[in-house]
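Quick note on full-length UniProt numbering: the sequence shown kicks off at 1 and runs consecutively.
Quick reminder that beta carbons are idealized off the backbone N, C-alpha and C, glycines included.
Quick notes on the structure that follows.
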Amino acid sequence: MRICLIALPWSLYRHPSAALGALCAYLKQQEPTLEVVCRSDFLDAAAALGFGCYDRISQSSYDVGEMLYAALCFPERKEQVRAFFISRMEESGAPLTGSGSFLDPEIHGERPTWSSAFDVIQARLEAHLDRVAEEVAGRYELVGLTTCFGQLFANLALSMRIKRRSTGTRIVLGGSTVSERVGPSLLRELDCFDYVIQGEGEQPLLALARGLAAAEDVSGLKGLITRETASVLPRGAPFWEVSDVNNLPIPDYSEYASRAEALNFLWLMTVEGSRGCWWDRAKRTGNPKATCHFCNLNVQWSGYREKGAERLVSEVVALNERYHNNVLFFLDNIIRLKGVDEFAQRLIDTGKDWVIFYEMRANIRPHELLMLWQAGVRFVQFGIESLSESYLKRIGKGTSVITNLQVMKICHELGISNGANLLTDFPGGRPEEVAETCETIQRYALGYEPLSANRFWLGRGATVQVLSQEYGVRNLRNADFYRAGLPEALYERLDLLDLSYDQDGPVADWNHVRALCKQWGAAYSAARASEYRHLLTYLDSGQSMRIFDARTGVLRTSVFKGLARDVYMYCAEIRRWDDLNQEFIESGRATARQLAELIEGWNQQGLLYREGQRLEGGRFLSLAPAFTPELASRRIRAAHAAELQRRGARADVPKPHSMLPRAGDQAPPVQVKA
Numbered sequence: 001m002r003i004c005l006i007a008l009p010w011s012l013y014r015h016p017s018a019a020l021g022a023l024c025a026y027l028k029q030q031e032p033t034l035e036v037v038c039r040s041d042f043l044d045a046a047a048a049l050g051f052g053c054y055d056r057i058s059q060s061s062y063d064v065g066e067m068l069y070a071a072l073c074f075p076e077r078k079e080q081v082r083a084f085f086i087s088r089m090e091e092s093g094a095p096l097t098g099s100g101s102f103l104d105p106e107i108h109g110e111r112p113t114w115s116s117a118f119d120v121i122q123a124r125l126e127a128h129l130d131r132v133a134e135e136v137a138g139r140y141e142l143v144g145l146t147t148c149f150g151q152l153f154a155n156l157a158l159s160m161r162i163k164r165r166s167t168g169t170r171i172v173l174g175g176s177t178v179s180e181r182v183g184p185s186l187l188r189e190l191d192c193f194d195y196v197i198q199g200e201g202e203q204p205l206l207a208l209a210r211g212l213a214a215a216e217d218v219s220g221l222k223g224l225i226t227r228e229t230a231s232v233l234p235r236g237a238p239f240w241e242v243s244d245v246n247n248l249p250i251p252d253y254s255e256y257a258s259r260a261e262a263l264n265f266l267w268l269m270t271v272e273g274s275r276g277c278w279w280d281r282a283k284r285t286g287n288p289k290a291t292c293h294f295c296n297l298n299v300q301w302s303g304y305r306e307k308g309a310e311r312l313v314s315e316v317v318a319l320n321e322r323y324h325n326n327v328l329f330f331l332d333n334i335i336r337l338k339g340v341d342e343f344a345q346r347l348i349d350t351g352k353d354w355v356i357f358y359e360m361r362a363n364i365r366p367h368e369l370l371m372l373w374q375a376g377v378r379f380v381q382f383g384i385e386s387l388s389e390s391y392l393k394r395i396g397k398g399t400s401v402i403t404n405l406q407v408m409k410i411c412h413e414l415g416i417s418n419g420a421n422l423l424t425d426f427p428g429g430r431p432e433e434v435a436e437t438c439e440t441i442q443r444y445a446l447g448y449e450p451l452s453a454n455r456f457w458l459g460r461g462a463t464v465q466v467l468s469q470e471y472g473v474r475n476l477r478n479a480d481f482y483r484a485g486l487p488e489a490l491y492e493r494l495d496l497l498d499l500s501y502d503q504d505g506p507v508a509d510w511n512h513v514r515a516l517c518k519q520w521g522a523a524y525s526a527a528r529a530s531e532y533r534h535l536l537t538y539l540d541s542g543q544s545m546r547i548f549d550a551r552t553g554v555l556r557t558s559v560f561k562g563l564a565r566d567v568y569m570y571c572a573e574i575r576r577w578d579d580l581n582q583e584f585i586e587s588g589r590a591t592a593r594q595l596a597e598l599i600e601g602w603n604q605q606g607l608l609y610r611e612g613q614r615l616e617g618g619r620f621l622s623l624a625p626a627f628t629p630e631l632a633s634r635r636i637r638a639a640h641a642a643e644l645q646r647r648g649a650r651a652d653v654p655k656p657h658s659m660l661p662r663a664g665d666q667a668p669p670v671q672v673k674a
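As structure tokens, then:
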């Protein structure tokens with residue numbers, strides 16, 4: 001049985017396809033008689049377009065990228081796609097020529113237009129598809145196509161070309177883009193796909209290959225939809241998941257690595273530490289709101305599973321020794337909830353230099369983030385989403401403004417690039433939430449790396465789609481941009497992953513936030529290029545500290561001495577009033593009034609964030625970051641050591657009689673009533 005696994009545009013060209021690597025390794029492990037070939041054909045497409053052009057389009061793969069291939073599937077829609085492409089490029093402000101242009105003059109000429117660029121891109125993509133189809137058709141019994149990065153219509157265009165050349169070649173589609181109703185819909189409406197795998201693919205693909213090799217009926221396989229079962233599984237197939245991800249083989253990136261090394265660019269080694277998201281409890285609880293209400297990234301999983309820290313680090317080391325690459329890109333939708341410090345320490349203990357990207361939630365503790373930095377984490381994407389308390393609750397994020405500010409601050413201090421977003425235009429958003437966001441940016445967050453303002457988009461399976469009436473969302477339909485590339489009748493019949501909708505009631509205007517984020521970015525970049533390197537920072541002398549504040553455009557310095565210095569440094573991590581009471585009031589170092597005056601004054605100056613209206617029960621965070629990563633790491637380590645010492649002291653306090661006896665104590669005699 002000969003199998004070809006293919007990844008097409010718009011996979012990010014610096015990353016090997018995780019799907020190809022995992023599936024190839026699993027098939028070879030479980031069935032060595034299978035002949036499995038991988039093709040990272042997105043690399044050849046990137047070289048044909050020019051890597052700058054490919055990279056720019058891949059950042060808009062879900063609309064621009066998809067429609068470029070839709071025009072190759074439905075040539076009668078070419079002019080509509082041309083107009084869509086030109087409109088999107090003009091809206092983006094991308095220059096046609098000169099500095100900042102993504103069009104290579106050797107490919108597009110010295111005086112391109114967006115229309116001529118469209119023609120060149122179309123011609124090169126079509127030539128690439130024809131070549132791949134010619135090399136694949138008739139040579140393999142089964143072709144597997146992955147769909148995660150705006151790859152649906154590239155796969156459709158290739159499948160059409162393969163089927164024209166070899167009707168007997170069977171084609172199976174898998175990946176997150178064909179989740180839920182999408183997979184059955186594609187099989188009902190399009191005749192160039194034979195099967196769709198939903199959920200993770202290891203076990204369904206292996207069973208499909210074995211069944212086809214034995215000429216058996218595969219229509220009843222779990223996780224698989226056939227043309228015959230598409231009508232009886234309109235909501236998708238039941239998942240067939242690996243019970244223990246620790247038992248999965250190390251992914252095989254040999255084919256990609258060989259191509260990437262020949263093209264001589266820096267590539268990132270893709271690592272999978274978990275599947276799903278531990279914050280998403282919707283399937284387990286049956287509550288659609290038991291997750292982030294805007295997210296549909298986990299519709300292809302039944303729940304969350306993770307590799308143990310020891311197993312994961314051993315995989316990282318094995319990949320490094322196999323491919324000699326130290327740049328790691330973790331695929332996980334979220335970093336593990338527990339054992340972060342153990343995972344980081346194991347990476348540190350390898351003694352290897354790592355450069356790491358990871359996605360995280362803001363609930364991570366400062367010392368855990370410090371350890372990850374020491375292990376090599378230099379790029380993160382925190383799920384910030386909002387700097388408005390009520391908006392965070394509206395979107396079901398489960399975090400708070402103060403926790404968001406804390407991780408933004410630490411990333412800035414340690415030099416970790418935080419590519420986080422502000423989610424705008426979520427249904428039901430209110431003008432006061434827009435105003436709160438603007439105020440938080442200007443008063444509290446301006447000293448940290450800017451956030452990118454991104455509009456909410458609706459994906460099938462997200463809470464908003466499931467509970468559309470509750471969110472005032474109506475007229476749900478395939479995303480409007482699909483109309484550019486699809487025949488109208490097909491647009492109406494297909495169920496696709498991206499959706500458009502109409503919204504009841506007034507809609508909040510987020511334009512001020514978007515404009516403010518641009519100003520924030522300019523101010524931050526200017527500060528980083530200056531001798532101060534910060535818009536807000538501190539230097540500590542032990543008995544006193546000096547704060548430098550240039551957020552207003554005019555440098556202002558403040559000196560805190562004695563108690564003021566101690567309280568401000570103590571609040572460098574999130575503290576509750578009870579913590580301040582124990583540290584300063586009960587010890588006799590300050591009165592409640594003194595603490596209240598300091599907190600109120602700093603809050604008014606935007607030097608400290610105060611959560612809540614009352615001091616009692618509130619939380620507080622000093623906002624000024626350390627001047628250097630070394631100073632920040634020293635402070636975080638000291639705070640962690642002090643916390644461990646306090647925990648130890650609390651553990652030594654005798655427990656009340658109502659609690660269980662301590663070790664060595666005799667249990668009280670049992671009294672039995674007559």
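Once DSSP output is grouped into helix, strand and coil, what is the label at C438? helix
Starting from S40 and walking both ways along the alpha helix (DSSP H), at which residues does that stretch end? Where S40 is concerned, there is no enclosing alpha helix (DSSP H), although the beta strand (DSSP E) it sits in stretches over E35 to S40.
Sheet register partners of Q503 (DSSP bridge): V473
Are the CB atoms of F42 and Y13 nearer to each other than 8 Å? yes
G168 versus P288 - alpha carbon distance: 42 Å
Looking at C-beta atoms only, is the number of pairs between the stretch 294-314 and the stretch 259-267 that lie closer than 8 Å three or more? no
For G505, count the other beta carbons within 10 Å of its own beta carbon; 16 or more makes it buried, fewer makes it exposed. Which is it? exposed
Going by beta carbon distance, what residues of the same chain come within less than 7 Å of Y482, once the five residues before and after it are set aside? Y491 and L496
Own chain, CB closer than 6 Å to W602, minus 5 neighbours either side, in chain order: L608
Report the rounded CA-to-CA distance for D280 versus R394, giving the unit in angstroms. 16 Å
Could you have a look at A7 and say whether DSSP puts it in helix, strand or coil? strand
Backbone CA spacing between T270 and A154 [nearest angstrom]: 22 Å
Beta-bridge pairing of A453 - partner residues as DSSP gives them: L422
Mind checking whether E180 and R474 have CB atoms under 8 Å apart? no
Give the straight-line distance between the Cα atoms of E488 and E76, rounded to the nearest whole angstrom. 11 Å
Which residue from S101, K78 and E79 puts its Cα closest to that of M89? S101
Under three-state DSSP, which class holds I356? strand
What do you reckon, are the CB atoms on I171 and V143 nearer than 8 Å? yes
For V271, report the span of its beta strand (DSSP E) as first-last. M269 to V271
Could you please give me the residues that DSSP links to M545 through a beta bridge? D540 and F560
In terms of residue numbering, what span does the alpha helix (DSSP H) encompassing I250 cover? Run containing I250: none; DSSP gives neither H nor E here.
Continuous alpha helix (DSSP H) stretch holding E611: start and end: Careful: E611 lies outside any alpha helix (DSSP H), inside the beta strand (DSSP E) at L608 to E611.
What separation, rounded to the nearest whole angstrom, lies between the Cα atoms of L467 and P427? 12 Å
Quick one: what's V143 bridged to in DSSP? C4 and I171
Check whether the stretch 188-195 touches the stretch 33-40, counting contact only when three or more Cβ pairs, one atom from each stretch, lie closer than 8 Å. no
So, are the CB atoms of L8 and Q151 less than 8 Å apart? yes
Under the three-state DSSP convention, the category S274 falls into: strand
How do the stretch 574-590 and the stretch 620-640 stand: do at least 3 beta-carbon pairs fall below 8 Å, yes or no? yes
Please name the residue or residues paired with L621 in a DSSP beta bridge. Y609
Here's the rule I'm using: 16 or more other beta-carbon atoms within 10 Å means buried, otherwise exposed. How should V653 be labelled? For V653, the predicted model reports a pLDDT of 44, less than 50, meaning its position is unreliable and no value from the coordinates is stated.
Taking the straight line between their C-alpha atoms, what separation do you get for A19 and A209? 16 Å
What did DSSP end up calling S468 once you bin it into helix, strand or coil? coil
Out of Q604, Q503 and R477, state which residue places its alpha-carbon closest to the alpha-carbon of E470. Q503
Spatial neighbours of R378 within its chain, please: CB distance less than 7 Å, with the 5 preceding and 5 following residues excluded, ordered by chain position. V355, I356, I416 and S417
What residue from Q543, G447 and S390 has the CA that sits closest to A564's CA? Q543
Comparing the CB of P249 with every heavy atom of the ligand MN, is any distance shorter than 7 Å? Because no ligand of any kind appears in the structure shown, any question about the ligand MN cannot be addressed here.
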